[in-house]
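Take a look at the structure below.
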Amino acid sequence: MTIEELEQIAKSVQQENAKYDFEVNVCMDLACASQGAGALKDALVKAAEASDKKVLVRRTGCMGPCSNGPLVRIDPEETLYHHVKAENAPSIVYGLGGSPVPELQCDLNEHFDRQVRVVLENAGYIDPEKIDDYIAHDGYKALLTVLTEMTPNGVIHRITESGLRGRGGGGYPTGLKWGTVAKAKGDVKYVVCNGDEGDPGAFMDRSVMEGDPHRVIEGMAIAAYAIGASKGFIYVRAEYPVAVSRLTTALREARRHGLLGNNICNTPFNFDVEIRLGAGAFVCGEETALIASIEGKRGTPKPRPPYPASSGLWGKPTLINNVETYANIAPIVRNGGKWFHDMGSERSKGTKVFALTGKIANTGLVEVPMGIKLREIIEVIGGGVPGGHKFKAVQTGGPSGGCIPEEMLDVGVSYDALVKMGSIMGSGGMIVMDDTSCMVNVARFFIEFCMTESCGKCIPCRAGTAQMYTLLTRICNGTGTMDDLALLEDLCVTVKETSLCGLGQTAPNPVLSTLKYFRNEYIEHILHKRCPAGVCTMEAIESEKEVVA
Amino acid sequence: MRKNGFARHALIETLHTVQSSFGYLDDDSIRFVALSLRVPLSQAYGAATFYHYFTLKPPGKHTVTVCAGTACYIKGADKLIAAAEKRLGIAQGQTTTDGQISLMTARCVGACSRAPVILCDGEVAGEVTREQMLEQLERWAVE
C-alpha cells in the first residue's frame, strides 16, 4: 500500500458515495442498539429500496447524545432525528429532500456547538467495519506519511510539541513516554494499548474501539515506528464483545490492505497487533498488572521502578498508552503539533472525551476542549439535572476519583485543577448526582468496589479497604460514632500513602473528597441518625422502635 | 489453543474459549488447558479464580445480570438487585435450585447512558424498572 493507492481508495469511495443523493446514518452503538436500532436499520434499508430516491443507509458508531436514541442523521442536510422507531422508516425516507419529519426532529444545537471533535471526528460518519470508509476520511494517511517522510525522532518531537498527555487518567506527557521507550536498550520492544476500561460509569474507550477501531490501530502503528517496535497488543475487556469483534475485523482488513504486516508501504517497517482479552479485573487497568495479565498470569501489580518503559512485557521495553491517547495520534501527525497545542488550557492541551451519565438530561458522549468549565458541560451540553431536582455533585475519575460540589463548578477542566479539587481526570467518566443521592452511601459504594477489586497483594489496600467499608457501613446504618469517623480519616491517609499501586493509592479519594465537601452529611448520619437524602435505612432507629414496641 | 499456537501466555484466551463453549470452567477443563499449554496447574487455577469473569459453577438456564456500575447504582440498581434476590430467593451470584435462573451482577457493561441496565441472557435492556425486570423473571420461572 502506497500513498497513491490510499488516495485511489479514498477517491473511489467518494465517487461511490456521490452516486447517492442522501445518506441516512443510523447510530448502532450499544445504547441505541438496545433501543431497537438494528430493526430500524433494516426497516430503513427496505424503505430506501422501495423508494425511487438514491439513498445510502449506513450504520455508524456512537453519535453522542445516547439518551435520545435511537438516533438517525440525514446528510447532506445534517438533520438529526431522535427516538426513531422502525415504523418511522417510511416517513423518514419519504421526507428526504422535502420537509423533514417534525415530530422526530431534535434540537441539540447547543449540545453540539460547544463541543470540539478530534477523537470522535469520525464517530457517526463512518461504518466501523469498513476500512475504506476510514480511508476516505483521511485514514492511514498519517501512518504512511510518517513511514515515508519522517524519522522516528521527528514523530516523537511532533507528539512532544503537541503537549498531549496520557488520557488514561494519570496525565503523563505522551511525548516524554515515547522518548523514554525509544531510548531504552533492547532489540525487541512492544506497544500496548490499554483498553481495559474498568472504571464503572465510563464508556468512551468502548465507543472509540467500536465506532472507529482503525484510528486506534493507526495510532499504535505510528507509536511502534517511533519507538522501534514490531509487535503490539490491544488489551480489551471481555465485557465488550462488540469492541472485540470490531477490532478483530479491523485488524483483518488492515492486514489485507498491507497496512499491518511486513514491509508496510514498501519500507523496512514491520508491525502487527494481537488482541488480548481481559476477564473482569479492575486492577488490570494498572500498567504492571495489565502486563501480567497479557502474559497469562493473575493481574497483580509489581512495584515500580523498573517502569514498563525499560522492563515491561516479558522483560522488554514496553510502551503502554490508553485507547484515547492513541486515537489522538493520527490527527496530531496530520495537522501538526501546534494545531493541537493551540487547543485547551495552559498545561492540559487538546480535547477530552467525557461520558456524561447519571442524573442529567442528555446522557452520552461529549468531547470538549480542555479548560472548559464544569458548569458548561453539565448545564449547557448536558442540559442540567432533570425532574426538578437540585444538582448536588459530579463524580469524576471513577472509583479513584472524587465528588465535586456545586461551588466548584466554575473551575476549568484540566488534569491539575481536578487533582487540586481532590478528584482526578481519570479516563473520563462523569456521573452527575442530585439531591436524592446520599454522599456517604456513594462513598461506601466506591469503597466496596475497591474492596472487591483489590488484588490482595499488598496489605494496606487489601485490609484497609475492608476496614473502611465496615466503618462506612456503620455510619450508613446509623450505628457509627465520631471515633469511627476519626479512624476512617486516619485510615484513608494510611491507605493512600502506603499502597503499592494506583488502585490502593486512590481508593480513599471518594471518601476524602466527600468528607471535604459533604462532611455535614456524615455528621448528620452519626449524631442525628438521619440520612438527609433519605437513602440509608437507619438500623439504630429501627431497633429502638422495636424496643419501644 | 491451536489458534494461539499453544502459546503459554494465551492462557486467559483459552479459558475464555472454554467458558464460552461450556458455560463454565470445571476441574477437568482447567486441568486439560493447563496440561496442553504446559503451564502449572496452580497458575491456570489461579487465573480462573482471580478474574471475576470466569465461573466455576454451571449457570442456570437463563441468566439475569444486573449492572452494578456507578451510573446504574445512582439510578437505583441496588433496588433492582434486592428485588430480584427477594423474588428468586437467592443471593447474587447464585442459581435457583431448579437450575432455571442465575442472578449475576456486573461491573459496568458500558451502557451507562441508559442506566440502570440489566442483561437478560446477554441482551442489553436499558432504563429498566423493577416491574419490567420482575415480569421477565416471571416469564422465565414458568417456562
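Protein chains in written order, with our numbering: chain F, 35 to 583; chain D, 44 to 186. Glycine included, each C-beta is placed from N, C-alpha and C at the ideal position. Keep in mind it's a predicted model, so treat the numbers as computed, not measured.
The DSSP-derived three-state label of residue 453 of chain F is helix. Boundaries of the alpha helix (DSSP H) around residue 244 of chain F: 238-245. Judged by DSSP secondary structure, residue 326 of chain F falls outside any beta strand (DSSP E) and instead within the alpha helix (DSSP H) spanning 321-328. Contacts with chain D (Cβ-Cβ distance below 7 Å) from the segment 268-290 of chain F involve 272, 273 and 274, listed in chain order. Under the three-state reduction of DSSP, residue 274 of chain F is assigned to coil, being neither helix nor strand. The way I'd put it, the segment 390-409 of chain F does touch the segment 456-474 of chain F; three or more beta-carbon pairs between them come closer than 8 Å.
For residue 115 of chain F, the beta-bridge partners assigned by DSSP are F:106 and F:139. The Cβ of residue 303 of chain F sits no closer than 7 Å to any Cβ of chain D. What residue 149 of chain D touches in chain F, judged by beta-carbon distance under 7 Å, is 273, going in chain order. For residue 86 of chain D, the neighbours in chain F by C-beta distance under 9 Å run, in chain order, 330, 331 and 332. Sequence-distant Cβ neighbours of residue 120 of chain F in its own chain, meaning closer than 8 Å and more than five residues away, are 70, 73, 74, 76 and 77. Considered as a whole, the segment 77-130 of chain D harbours 105-110 as its complete beta strand (DSSP E) runs of no fewer than 3 residues, in chain order. Its Cα nearest to that of residue 65 of chain F, the residue D:153 stands out among D:163, D:153, D:186 and D:171. Fewer than three Cβ pairs drawn from the segment 280-297 of chain F and the segment 200-219 of chain F lie within less than 8 Å of each other, which leaves the two stretches out of contact. In this structure, the alpha-carbon of residue 139 of chain D lies about 15 Å from that of residue 164 of chain D. By the Cβ criterion, the segment 315-331 of chain F is not in contact with the segment 190-200 of chain F, since fewer than three pairs of Cβ atoms, one from each stretch, lie closer than 8 Å. The beta carbons of residue 460 of chain F and residue 486 of chain F sit about 19 Å from each other, so the pair does not count as a contact at 8 Å. With a threshold of 16 other beta carbon atoms within 10 Å, residue 557 of chain F falls short and is exposed.
With a contact defined as Cβ atoms closer than 8 Å, residue 223 of chain F and residue 262 of chain F qualify at about 6 Å.
Straight-line spacing of the CA atoms in residue 532 of chain F and residue 315 of chain F works out to 22 Å. Within chain F, no residue has its CB atom less than 7 Å from the CB of residue 128 of chain D, the nearest being about 16 Å off. Closest option to residue 181 of chain F, judged by alpha-carbon separation, among F:519, F:453 and F:35: F:35. The DSSP assignment places complete alpha helix (DSSP H) segments of no fewer than 4 residues inside the segment 314-398 of chain F at 321-328, 357-369 and 371-375, in order along the chain. In the DSSP assignment, residue 92 of chain F is bridged to F:59. Residue 162 of chain D places its beta carbon 7 Å or farther from that of residue 330 of chain F. Counting only Cβ-Cβ distances below 7 Å, residue 100 of chain F has contacts in chain D at 156 and 157, in chain order. Minimum Cα-Cα distance from residue 123 of chain D among the listed residues D:171, D:71, D:156 and D:97 corresponds to D:171.
Per the DSSP secondary-structure output, residue 224 of chain F pairs in a beta bridge with F:265 and F:352. If one requires a minimum length of 3 residues, the beta strand (DSSP E) runs lying completely within the segment 415-493 of chain F are 425-430, 436-439 and 463-468, in chain order. When only Cα atoms are considered, residue 514 of chain F and residue 504 of chain F end up about 10 Å apart. At least one CB atom of chain F sits nearer than 7 Å to the CB of residue 152 of chain D. Residue 496 of chain F has its alpha-carbon roughly 26 Å from the corresponding atom of residue 345 of chain F. Spanning the alpha carbons of residue 553 of chain F and residue 114 of chain D requires a straight line of approximately 23 Å.
About 20 Å separates the Cβ atoms of residue 404 of chain F and residue 434 of chain F, ruling out a contact at the 8 Å cut-off. Cβ contact annotation for residue 142 of chain D (same chain, cutoff 7 Å, sequence separation greater than five): 103 and 104, in chain order.
Within the segment 518-548 of chain F, contact with chain D at the beta-carbon level (separation under 8 Å) is assigned to no residue.
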